[in-house]
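Okay, structure first, notes after.
Residue numbers (the working numbering): 151 to 251.
And the structure:
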């Protein structure tokens, strides 16, 4: 499992950004290695955490034309960003967050 965090400062939101953001999410969801995402907001920052089952699947997403377009156009909407890619060694919990006992 791989966890990719994308933290950014959003300076502008418009219809073009919304459409491209939707297309990026569709590209991620169409990838068999995609395992989900979570989004948090803190002040002027947004953090999106994507989960990927394999490094190969993550690489396919990174090379997807829609993702490449979004990367090329980031300055139109973001004041800055940071990406962290980490391999998950383990996950654990009490199950309460998944609705389990």
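From the three backbone atoms N, C-alpha and C, an ideal C-beta is built for every residue, glycine too.
Less than 9 Å separating the beta-carbons of residue 153 and residue 216? With a cutoff of 9 Å on beta-carbon distance, residue 153 and residue 216 are scored as not near each other.
Taking residue 203 as the reference, give the member of 236, 245, 246 with the closest Cα. Comparing alpha carbon positions, the residue from 236, 245, 246 closest to residue 203 is 236.
Strictly by DSSP, which residues pair up with residue 191? Residue 191 pairs with 196.
Contact defined as beta carbons within less than 8 Å: I believe residue 229 pairs with residue 159. What is the distance between those atoms, to the nearest angstrom? At roughly 4 Å, the Cβ-Cβ gap stays under 8 Å, so residue 229 and residue 159 are in contact.
9 Å Cβ cutoff met for residue 208 and residue 157: Residue 157 sits away from residue 208, with the two beta carbons spaced by 9 Å or more.
Taking the DSSP output, what are the residues bridged to residue 163? Answer by DSSP bridge pairing: none, since residue 163 is not bridged.
According to the neighbour-count rule (16 or more other Cβ atoms, all chains shown, within 10 Å of its Cβ), is residue 233 buried or exposed? With fewer than 16 Cβ atoms within 10 Å of its Cβ, residue 233 is classed as exposed.
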